[in-house]
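Report on the structure given below.
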Amino acid sequence: MEGVQEYMSAIINGQEIGQEIRNEVAKRVAHLKERGLTPGLAVVLVGDNQASATYVRNKQKSCEAIGMFSELVKLPEATTQEELLTQIQNLNEREDIHGILVQLPLPKHIDEDTVIATIAVEKDVDGFSPVSVGKMMLGQETFLPCTPFGVMKLLEYSGIDIAGKHAVIVGRSHIVGKPMGQLLLQKDATVTYTHSKTPDLPYFTKQADILIAAVGRANFITKEHVKEGAVVIDVGINRDEHNKLCGDVDFAQVDGIASHITPVPGGVGPMTITMLLFNTVQAAENTFAQTN
Ligand code: NDP
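Okay, here's the thing in structure tokens:
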């Protein structure tokens, strides 16, 4: 019948998948605690950015919910780079801290690259340091950046085959787009990166079996970007013109065209914190294995 969609896209539920993984992580935490080791995450927050403060609070709450120890290192906006580096070096040395996360963005007078590179690689649970990124590129064991790692888990738990598929990534940031393509490549996808200088974006996105939107523009991906039956993963977290939370994908338009789609909220969002916890318990297990 005209105007009636033949089928609805399957919703990839990040809330449920995230909870399933967090339950597993909680078991691993309990196992370590029985052996006298409590996994600990230090979260470093510099300045008064309200959004950052909210993210940090959520991360701490999530740690506590699964029995991990978390410590907030809250520093004033005027903190110098040297002072911040000293704080990180102290955290690198501490035996009760297994993961270190520096909440970005940092105040303008601090060089983020230098700060991130100072985090000990065995505690770099965000996977942002140059050594972690290099290891990821080489396919060596390391902490994977939480958002793309979370997307890989969404695909895995949803039973979506990656090998041989054409994955198109919209966005090439260091924290999402670039590592996303690498992780998909490692699982034998054919990967195309697109970005703001890509002419005729729909030409590329329409070829995607797996389409990842990491742009940061509300409802940017519409039905003309999506091939029928594609898996559509929406990383974006934006506000629409009514100040309502929305993704990079116009869900209403793409629902029914995609075979699978992630909603916003409740898709990729819950996976990012989940994978941070996953990496932190892994860091603690690595320490335990080295000292026992
Ligand atoms: P960035 O702003 O760092 O990168 C955006 C990318 O989109 C850039 O590579 C840019 O291209 C590209 N882009 C911008 N406009 C266009 C366009 N018109 N056509 C094609 N590509 C375009 O953002 P992030 O990667 O940090 O984040 C992307 C989104 O994901 C945001 O909404 C963010 O809030 C969200 N996010 C969600 C997370 C989660 O937990 N779910 C975690 C991290 C981010 P160019 O490089 O050429 O400028």
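Residue numbers (full-length UniProt numbering): 1 to 292. Just so you know, even glycine gets a beta-carbon here, dropped at the ideal spot from N, CA and C.
- By the Cβ criterion, the segment 158-173 is not in contact with the segment 279-286, since fewer than three pairs of Cβ atoms, one from each stretch, lie closer than 8 Å.
- According to the DSSP assignment, Lys74 belongs to no alpha helix (DSSP H) but to the beta strand (DSSP E) extending over 69-75.
- Under the Cβ criterion (8 Å, minimum of three pairs), the segment 259-267 counts as touching the segment 226-235.
- When C-alpha distances from Gln207 are compared across Val226, Val215, Asp200, Lys197, the shortest belongs to Val226.
- Apart from sequence neighbours up to five positions away, the residues of its chain that approach Gly67 with a beta-carbon distance below 7 Å are Ala26, Val29, Ala30, Lys33, ordered along the chain.
- The criterion of a C-beta distance shorter than 7 Å is satisfied by Gly99 and Leu41.
- For a cut-off of 8 Å, the C-beta gap from Lys61 to Val43 is around 11 Å, too long to register as a contact.
- Between Ser9 and Ile261, the CB-CB gap stays under 7 Å.
- Rounded to the nearest whole angstrom, the C-alpha separation of Met152 and Gly216 is 20 Å.
- Judged by DSSP secondary structure, Thr118 falls within the alpha helix (DSSP H) whose first and last residues are 112-118.
- Counting C-beta pairs with one atom in each stretch, the segment 236-256 and the segment 112-125 have fewer than three that are closer than 8 Å, which means they do not touch.
- Remark: the C-beta of Arg172 is in contact range of ligand 1, defined as less than 6 Å to any heavy atom.
- Residue side-chain check: Ser9 keeps its Cβ at 6 Å or more from all non-hydrogen atoms of ligand 1.
- In this structure, Ala218 sits away from Val176, with a CB-CB distance that is not shorter than 7 Å.
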